[in-house]
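Read in my numbering, the sequence shown has 4 at position 3, and its numbers run on one by one without any break. All C-beta atoms in this analysis are idealised placements derived from N, C-alpha and C, irrespective of residue type, glycine included.
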Amino acid sequence: MSKFVSIFLLSILVSVIVFFIVGSIVSGGGDPAEDAVFMVGIIIVLLLSFLISQIYYLIDLIKKKL
């Protein structure tokens, strides 16, 4: 189980770093909607990271059954 937690945390870390790097390159103004977009983006990153770790878990589960 710790393998999947580490996959989850690693995917969150990489996604957040890439998200902020790309966000800092693309954003150029002081638009107040940027904070809302960043929050929605972070939520999407968290949900997709959870999905990635669940997919790895299912693949591992299927491998053990075969």
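**OP:** With DSSP collapsed to three states, give me the class of L67.
**Re:** Counted from its first residue, the sequence shown places residue 67 at position 66. Three-state result, L67: coil.
Subject >> Sub-8 Å separation of V47 and I22 beta-carbons >> reply: Here residue 47 refers to the residue found at position 46 when the sequence shown is read from its first residue. Here residue 22 refers to the residue found at position 21 when the sequence shown is read from its first residue. Checking the sequence shown, residue 47 turns out to be Leu, not Val. Against a cut-off of 8 Å, the Cβ pair of I22 and L47 comes out as no contact.
Original post:
Is S50 buried or exposed, if buried means 16 or more other CB atoms sit within 10 Å of its CB?
Top reply: Numbered from its first residue, the sequence shown carries residue 50 at position 49. By the 16-neighbour rule on beta-carbons within 10 angstroms, S50 is buried.
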